[in-house]
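My numbering numbers the first residue of the sequence shown as 38 and each following residue consecutively.
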Amino acid sequence: MLIQIDKLKRRPRQIVIDEQATDFAVLHDLVEEGTILFNDKIHGTLEAAWAGDIIQVTGRLATTVTSSCGRCLVPVTEQLVISVLLCYAGLDDDGELAVAEDVELTNQELGLIPYSGSEIDLRPDLEQEIIMALPQQTLCEKSCRGLCPVCGRNLNQGGCECAPPVFHAGLAALKNFKAKK
Ligand SMILES: [Zn+2]
Ligand SMILES: [Zn+2]
């Protein structure tokens, strides 16, 4: 996952990604914690090319992940598509981004990533893109009814005999009592 900058000067380069999620440090931790499961490698093809003073890395990665529904805890498997757009700018001798003045604002908006030396290691930046694409709150479906707080039954599979919790009613009465005083 290294881009050799002097080689890139001649022509755009295809980068084939076919990586285990656990080869990325943070993803490895998420898998260890049981937060998410990767059913598949992270795969796809990226292209690295010069665009003016910037090296652009673009493309799409895909994988399949499984995480638990936030309400009823059933495992939910979904296809994940990760759009990659990384823009790298070299640092000049003063440690400033070596880009033309007139494109500087746009560059900042794009989130320019500084590089120095003769190589760019895509791994940490790709990992960031993958993390951003992970499902934030998994739901098996929008109308998921969750688990009964009393007996733990999955309410999507039918109701249960439990009485609705009375705790909140009691608390409300207490508040009224205080307000009157
Ligand atoms: Zn659910
Ligand atoms: Zn119940």
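Here a beta-carbon is modelled for each residue, glycine too, at the ideal position from N, C-alpha and C. Since the model is a prediction, treat every value here as computed from it, not as a measurement.
In the structure shown, the three-state DSSP call for T114 is strand. Under the DSSP assignment, V53 falls in the beta strand (DSSP E) whose first and last residues are R50 to E56.
L67: member of the alpha helix (DSSP H) spanning A62 to E70, first to last residue. Per the Cβ contact rule, the segment 183-191 is not in contact with the segment 94-102 (fewer than 3 Cβ pairs under 8 Å).
At least one heavy atom of ligand 2 sits closer than 6 Å to the Cβ of R190. L159 is classed as buried because its beta carbon has at least 16 other beta carbons within 10 Å across all chains shown.
Our two residues, M169 and D77, have alpha carbons roughly 18 Å apart in a direct line. One thing to note: E84 has its Cβ no nearer than 7 Å to the Cβ of P112. Residue pairing by DSSP puts T95 in a beta bridge opposite E84 and L122. Bounds of the alpha helix (DSSP H) holding D43 are I42 to L45.
With contacts defined by Cβ atoms closer than 7 Å, Q41 and E156 form a contacting pair. Taking 8 Å as the upper bound for CB-CB distance, G127 and S105 are not in contact here, some 44 Å apart. Burial is judged here by how many other beta carbons sit within 10 angstroms of a residue's own beta carbon; R97 has fewer than 16 and is exposed.
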